[in-house]
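Contents: one structure, followed by commentary.
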Amino acid sequence: MSATFAPHDIAPNSVARVMRLVLYALAPAVIMHVVFFGPGLIVQMLLGTGTALLAEAIVLRLRGKPLRQFLSDGSAIITAILLAMCLPPLAPWWLVVSAVAFAIVLAKHLFGGLGANPFNPAMVGYAVLLVSFPAQLTQWLPPQIAGLQTADLGLLETARTIFTGVLPPRFSWDAITSPTPLDALRTNLAMGQTMQEAASGSAFGIFGGRGWDWVNLATLAGGIWLLAARIIRWHIPVALLAGLAIPSAVMYSIDPGSYAGPLFHLTGGASMLGAFFIATDPVSAATSDRGRMVYGFGIGLITYVIRTWGGYPDGIAFAVLLMNAAVPLIDRYTVPRIYGHPR
Amino acid sequence: MSAGIAVFGGLRLDTHKRSSTLRALRQAAPPAEVVLPLDQHSDGVTAATVKPGDTVLLGQPIAQPQSDTGAWLHATVSGRVTAVEPRPAPHRQGRPTLCIVIANDGADRHDPANSPVDYRTLEPMQLCEHIGRGGVVGLGGAMFPTATKLLQAQATTGVHLLLNGAECEPWISCDEMLMRERAQDVVLGARILCHALQTARCTVAIENDMPDAHSALTAAIAAAGAEEPKVAIELAVVPRVYPAGGERQLITTLTDLEVPHDGLPSDVGMVCQNVGTAAAVARWIRDGEPLISRIVTVTGSGVREPANLEVRLGTPMSHVIAECGGYLEGVTQRIMGGSMMGVALPQDSLPIIKGTNCVIAATAEDLHPRGAEMPCIRCGNCSFVCPALLLPQQLHWHAQAGDLPALERYGLMDCIECGCCDYVCPSQIPLAQRFRDAKPALAANIASRQQASLSKARFEGRQDRLDRLEAERRAKLEEKRKAVKK
Chain A
1 MSATFAPHDI
11 APNSVARVMR
21 LVLYALAPAV
31 IMHVVFFGPG
41 LIVQMLLGTG
51 TALLAEAIVL
61 RLRGKPLRQF
71 LSDGSAIITA
81 ILLAMCLPPL
91 APWWLVVSAV
101 AFAIVLAKHL
111 FGGLGANPFN
121 PAMVGYAVLL
131 VSFPAQLTQW
141 LPPQIAGLQT
151 ADLGLLETAR
161 TIFTGVLPPR
171 FSWDAITSPT
181 PLDALRTNLA
191 MGQTMQEAAS
201 GSAFGIFGGR
211 GWDWVNLATL
221 AGGIWLLAAR
231 IIRWHIPVAL
241 LAGLAIPSAV
251 MYSIDPGSYA
261 GPLFHLTGGA
271 SMLGAFFIAT
281 DPVSAATSDR
291 GRMVYGFGIG
301 LITYVIRTWG
311 GYPDGIAFAV
321 LLMNAAVPLI
331 DRYTVPRIYG
341 HPR
Chain B
344 MSAGIAVFGG
354 LRLDTHKRSS
364 TLRALRQAAP
374 PAEVVLPLDQ
384 HSDGVTAATV
394 KPGDTVLLGQ
404 PIAQPQSDTG
414 AWLHATVSGR
424 VTAVEPRPAP
434 HRQGRPTLCI
444 VIANDGADRH
454 DPANSPVDYR
464 TLEPMQLCEH
474 IGRGGVVGLG
484 GAMFPTATKL
494 LQAQATTGVH
504 LLLNGAECEP
514 WISCDEMLMR
524 ERAQDVVLGA
534 RILCHALQTA
544 RCTVAIENDM
554 PDAHSALTAA
564 IAAAGAEEPK
574 VAIELAVVPR
584 VYPAGGERQL
594 ITTLTDLEVP
604 HDGLPSDVGM
614 VCQNVGTAAA
624 VARWIRDGEP
634 LISRIVTVTG
644 SGVREPANLE
654 VRLGTPMSHV
664 IAECGGYLEG
674 VTQRIMGGSM
684 MGVALPQDSL
694 PIIKGTNCVI
704 AATAEDLHPR
714 GAEMPCIRCG
724 NCSFVCPALL
734 LPQQLHWHAQ
744 AGDLPALERY
754 GLMDCIECGC
764 CDYVCPSQIP
774 LAQRFRDAKP
784 ALAANIASRQ
794 QASLSKARFE
804 GRQDRLDRLE
814 AERRAKLEEK
824 RKAVKK
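Listed in order, the protein sequences are those of chains A and B. One point on numbering: in the working numbering, the residue at position 224 of the first sequence is 224, and numbering is uninterrupted. One point on numbering: in the working numbering, the residue at position 173 of the second sequence is 516, and numbering is uninterrupted.
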């Protein structure tokens, strides 16, 4: 007979269950991603997951932590999958491997491992790539839509390309890669085109980038499911999307010729992934409900600023890292009122 | 008073009350020996008035309070006192506390000194004192002396009496059974307490899944209203949310008022008593029967016939389990109280005390076990469910670091230890236990600081006084000098 302390009964919940449900919620986005950008993501995810588990196991062993308990929590896999989703599908293998290894070893474990990392590990890994290998990160494939199939690679050919860096002879890099819609828009606007001209190319779809709009909608669906399953709560995603939508609506209404509208920003790039899956990483987010709203809004706002006036096409990663750094400050000023204390 | 505003945070837990409410409430046979701890109240001192070898009658006082937080204790069987010695007690996690042991002679010879009184002829102060003599304490589990609580609340005029029948712990059904089968006792208790508080306003709060208790109480209130129309008793239904039955949570649910963190319910014009306490008051006043028994829920998948029993205080728990058909196979855990806030029992020979509302013999299927503790991932589930609006995850960090100022700032002392945070934690961190462990050090720190500031104030007061005297002396001297010069 074991003597326990109250409460003697607890909910059947665990860190592993939380992470597993997050992975399920990513499925629609992954499927859409594969539909529009080919099977490259599958290879990247496998590479990333393998690297993450290996790196996690080595560091856990070095730190003398129980291997099975922490390897099975699923947190390293989430980091790997999120990173893989941010990379171009045909990016060379060492890109995802080095980013994931950096994320797990430096961003996560050197700060204390699960629950103790002040910065979002996936975004640290991505930021390292973004400043170290910017050229490779812009080599996105155009979405595969009927009549537009410029790069129709099978799974094997995709894997070979990722590992060797050499395309099958019938393709050439220049012919099949294209910038992301956010990138294209930036470049076109910088060349003096109006918003209408800049957004009229084949890269642009109904709301935002072609293909990207569907990936973002699928991500949104997964995110809403996470909300319903009570794995995440609404404060961060809603505040983040508001932080993105409000300034873009203001700028668009002032000068629709030079600024993209809110719909383009909400469905372009990694907006939804950032709002529902990256910024909601609780470890590196603010604590209280009010704090989380400040945190989310800050990410949205900084993302908009970077996208519009900054040096990178998408700003989610840097915005998340900047707001991660602001979390202790936010937490200090957003402690909720305790029951029975003066309002 | 409108019900419907949800309590802050909280949980919707699956209830396990059905098995214990299928059978009617019945009396458990008195045991051969009762063990009565002297400290069956929150704190304060009670001294034994009998010694080994004394013969005692049923209901005879055997221990007397030495302070206003102590409570009278009565013999719960007639017979001979065999020992006054430390015995293991359930409310001390099985550690020994001074107990009076009485061998039952089986005759149930009543103490003739206990007789019914007409409460309406008593002054409120007298009535409170008389209630105290009945040994009545809060039967919801806290065991705070009822008379003391009433006297505290008398300072507030026009206080509203709130009878707490919102039994939110998922396994406990003793209050529900009491209200179903003895609604008239509850209502009479309400009238007596209203007289003691000089108020005409009383609300009985029950949960929304107690239809039988609702109809029984409605009938009893109607009958009482015909007899004594000036006391208005109303019934309020609260949502079944744990811990809506917490005193402060219930008040906020019903009135939208918050009890100040350093105050009492009477600060917002309320006084809260458990329905079982009210019924115990009624039996003492109407029948002259002091608190010698209480209703105990005996439940869990490890007991053959779960039921609610009226049990003499001091009865060993093993005797109560035997009254319910004994154990079944596979008992993994014995708990006194509920699954959320009860205490684990090291052995089943411990006595039923005034605060024992429930005994659970749980098997593996009843309680979800704790897995290996993982680090906090700061998910915030804990603060989402916290009824005190705290940030348990921050308290957890500061408790680990032993940072007393931060623990105080984040409201450790406002934690009601309901265990909601613990229940939802994906990392399965024993938060409630961490907070219980951290409280004594912080309480001592706060007390020593208050002591220090009191000493400082005293010292400064003395210094001011001395300075003033010195100044007066000098002034007088100066006057004298002037007078002499002239």
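Beta carbons are placed, not taken as given, at the ideal position from N, Cα and C, and that holds for glycine.
Alpha-carbon spacing of B:Lys492 relative to B:Glu821, whole angstroms: Mapped onto the second sequence, residue 492 of chain B falls at position 149. Mapped onto the second sequence, residue 821 of chain B falls at position 478. Going by the C-alpha atoms only, they are around 58 Å apart.
Where the beta strand (DSSP E) through B:Ala548 begins and ends: As a first step, residue 548 of chain B must be located in the second sequence, where it is residue number 205. Counting along the chain, B:Ala548 sits inside the beta strand (DSSP E) bounded by residues Arg544 to Glu550.
Straight-line Cα distance separating B:Gly723 from A:Leu226: Residue mapping note: residue 226 of chain A aligns to position 226 of the first sequence, counting from 1. Residue mapping note: residue 723 of chain B aligns to position 380 of the second sequence, counting from 1. One C-alpha to the other measures close to 15 Å.
Stretch-stretch touch, CB-based, cutoff 8 Å, three pairs: the stretch 692 to 710 of chain B with the stretch 429 to 442 of chain B: The stretch 692 to 710 of chain B vs the stretch 429 to 442 of chain B: in contact.
Residue range of the unbroken alpha helix (DSSP H) whose run includes B:Gln403: Translated into positions along the second sequence, residue 403 of chain B becomes position 60. Per DSSP, B:Gln403 belongs to no alpha helix (DSSP H) and is neither H nor E.
B:Glu708 (DSSP reduced to helix, strand or coil): Walking along the second sequence from the start, residue 708 of chain B turns up at place 365. Annotated three-state conformation of B:Glu708 is coil, per DSSP.
Per-residue burial, B:Phe802 [other beta carbons within 10 Å of its own, 16 or more giving buried]: On the second sequence, position 459 is the one that residue 802 of chain B refers to. Burial check for B:Phe802: the Cβ neighbour count within 10 Å stays below 16, so the residue is exposed.
Closer than 8 Å to chain B by CB, A:Thr390: Residue 390 of chain A lies beyond the residue range present for chain A, which begins at 1 and ends at 343; the question has no answer from this structure.
A:Ala57 and A:Leu83 closer than 8 Å at C-beta: Along the first sequence, read from residue 1 onward, the residue named residue 57 of chain A stands at position 57. Along the first sequence, read from residue 1 onward, the residue named residue 83 of chain A stands at position 83. In this structure, A:Leu83 does not lie closer than 8 Å to A:Ala57 by Cβ.
Proximity to A:Ala36 [Cα-Cα], best of A:Arg210, A:Asp289 and A:Ala91: In the first sequence, counting from the first residue as 1, residue 36 of chain A sits at position 36. Reading the sequence as shown, one finds Phe at residue 36 of chain A and not Ala. With distances taken between Cα atoms, A:Phe36 lies closest to A:Arg210.
Other residues of its chain near B:Gly483: CB distance less than 6 Å, five sequence neighbours each side excluded: Taking the first residue of the second sequence as position 1, residue 483 of chain B is located at position 140. Contacts found: Asn617.
Same chain, Cβ closer than 7 Å to B:Leu368, neighbours up to 5 away in sequence not counted: Translated into the one-based positions of the second sequence, residue 368 of chain B becomes position 25. Excluding residues within five positions, the ones whose Cβ falls inside 7 Å are Met520, Glu524, Ile638, Asn651 and Glu653.
Chain A contact for B:Ser770 (CB, 8 Å cutoff): As a first step, residue 770 of chain B is located in the second sequence; it is residue number 427 there, counting from the start. Taking a beta-carbon distance threshold of 8 Å, B:Ser770 counts as an interface residue toward chain A.
Range of the contiguous alpha helix (DSSP H) that encloses A:Ser75: Within the first sequence, residue 75 of chain A is the residue found at index 75, counting from 1. Ser75 to Cys86 is the extent of the alpha helix (DSSP H) around A:Ser75.
7 Å Cβ cut-off: residues of chain A touching B:Asp757: Here the question's residue 757 of chain B lines up with position 414 in the second sequence. Per Cβ cutoff of 7 Å: Ile338, Tyr339 and Gly340.
Same chain, Cβ closer than 7 Å to B:Ala565, five either side skipped, listed in chain order: Your numbering for residue 565 of chain B matches position 222 in the second sequence. Once the five neighbours on either side are set aside, B:Ala565 has no close Cβ partner at all.
Sequence-distant residues of the same chain with beta carbon closer than 6 Å to A:Pro92, five excluded per side: Translated into the one-based positions of the first sequence, residue 92 of chain A becomes position 92. Within the same chain, and ignoring the five residues on either side of A:Pro92 in sequence, the residues whose Cβ sits closer than 6 Å to its Cβ are Gly165.
Length of the line joining the Cα atoms of A:Tyr259 and A:Pro313: Start at 1 with the first residue of the first sequence, and residue 259 of chain A comes out as number 259. Start at 1 with the first residue of the first sequence, and residue 313 of chain A comes out as number 313. If you draw a straight line from the Cα of A:Tyr259 to the Cα of A:Pro313, it comes to about 14 Å.
Cross-chain neighbours of B:Asp599 in chain A, by beta carbon under 7 Å: Taking the first residue of the second sequence as 1, we reach residue 599 of chain B at position 256. Chain A residues near B:Asp599: none, gap ~12 Å exceeds 7 Å.
Closer than 8 Å to chain B by CB, A:Gln69: Numbered from 1 along the first sequence, position 69 holds the residue referred to as residue 69 of chain A. It does: the Cβ of A:Gln69 has a partner Cβ on chain B nearer than 8 Å.
8 Å contact criterion, which B:Ala509 and B:Ala622 should meet: CB distance rounded: Taking the first residue of the second sequence as position 1, residue 509 of chain B is located at position 166. Taking the first residue of the second sequence as position 1, residue 622 of chain B is located at position 279. About 16 Å; that fails the 8 Å criterion.
Partners in chain B for A:Leu23, counting only beta-carbon separations shorter than 8 Å: One-based indexing of the first sequence puts residue 23 of chain A at position 23. The CB of A:Leu23 never comes closer than 8 Å to any CB in chain B; the least such distance is about 15 Å.
Rounded C-alpha distance that separates A:Asp281 from A:Met19: Mapped onto the first sequence, residue 281 of chain A falls at position 281. Mapped onto the first sequence, residue 19 of chain A falls at position 19. CA-to-CA, the gap between A:Asp281 and A:Met19 works out to about 10 Å.
Residues within the stretch 208 to 232 of chain A neighbouring chain D, beta-carbon criterion of under 7 Å: The structure shown contains no chain D; the protein chains it does contain are A and B.
Cβ distance (whole Å) where B:Gly673 is taken to contact B:Arg647 below 8 Å: As a first step, residue 673 of chain B must be located in the second sequence, where it is residue number 330. As a first step, residue 647 of chain B must be located in the second sequence, where it is residue number 304. Between B:Gly673 and B:Arg647 the beta-carbon gap is near 12 Å, outside 8 Å, which marks them as no contact.
Cβ shell of B:Thr392 (< 7 Å), same chain only, five flanking positions each side left out: Within the second sequence, residue 392 of chain B is the residue found at index 49, counting from 1. A distance below 7 Å between beta-carbons, with the five flanking residues on each side excluded, links B:Thr392 to the following residues of its chain, in chain order: Pro404, Ile405, Ala406 and Gln407.
Alpha carbon of B:Pro608 to alpha carbon of B:Pro467, nearest angstrom: Stepping through the second sequence from its first residue, residue 608 of chain B is reached at position 265. Stepping through the second sequence from its first residue, residue 467 of chain B is reached at position 124. Looking at the two C-alpha atoms, the distance is approximately 19 Å.
Residues sharing a beta bridge with B:Ser300, DSSP: Here chain B comprises residues numbered 344 to 829, so residue 300 of chain B is not present and cannot be evaluated.
7 Å CB neighbourhood of B:Pro395 in its chain, flanking five on each side removed: Counting from one through the second sequence, the residue named residue 395 of chain B turns up at place 52. Contacts found: Val424, Thr425, Ala426 and Val427.
Sheet register partners of B:Ala446 (DSSP bridge): Along the second sequence, one-based indexing puts residue 446 of chain B at 103. In DSSP, B:Ala446 forms a bridge with B:Glu376 and B:Arg423.
Own chain residues within Cβ distance below 6 Å of A:Met123, not counting five before or after: Working through the first sequence from its first residue, we reach residue 123 of chain A at position 123. These residues qualify, in order along the chain: Ala317, Val320 and Leu321.
Nearest residue (CA-CA) to B:Glu512, options B:Cys761, B:Glu472 and B:Leu504: As a position in the second sequence, residue 512 of chain B is number 169, starting the count at 1. Cα-wise, what sits closest to B:Glu512 is B:Cys761.
Chain B contact for A:Gly147 (CB, 8 Å cutoff): By 1-based counting over the first sequence, the position of residue 147 of chain A is 147. Note on A:Gly147: pLDDT 48, under 50, position unreliable in the model; no value is reported.
Beta-carbon proximity check, B:Val641 vs B:Ile664, cutoff 8 Å: Mapped onto the second sequence, residue 641 of chain B falls at position 298. Mapped onto the second sequence, residue 664 of chain B falls at position 321. Pairing B:Val641 with B:Ile664 gives a Cβ-Cβ distance under 8 Å.
Range covered by the alpha helix (DSSP H) that runs through A:Val22: Along the first sequence, one-based indexing puts residue 22 of chain A at 22. Per DSSP, A:Val22 belongs to the alpha helix (DSSP H) from Val15 to Phe37.
Cβ separation of B:Pro763 and B:His739, assumed to be a contact under 8 Å, to the nearest whole Å: Along the second sequence, one-based indexing puts residue 763 of chain B at 420. Along the second sequence, one-based indexing puts residue 739 of chain B at 396. Here the sequence assigns Cys to residue 763 of chain B, which means Pro is not the residue at that position. Actually they do not touch by this definition, with Cβ atoms about 14 Å apart.
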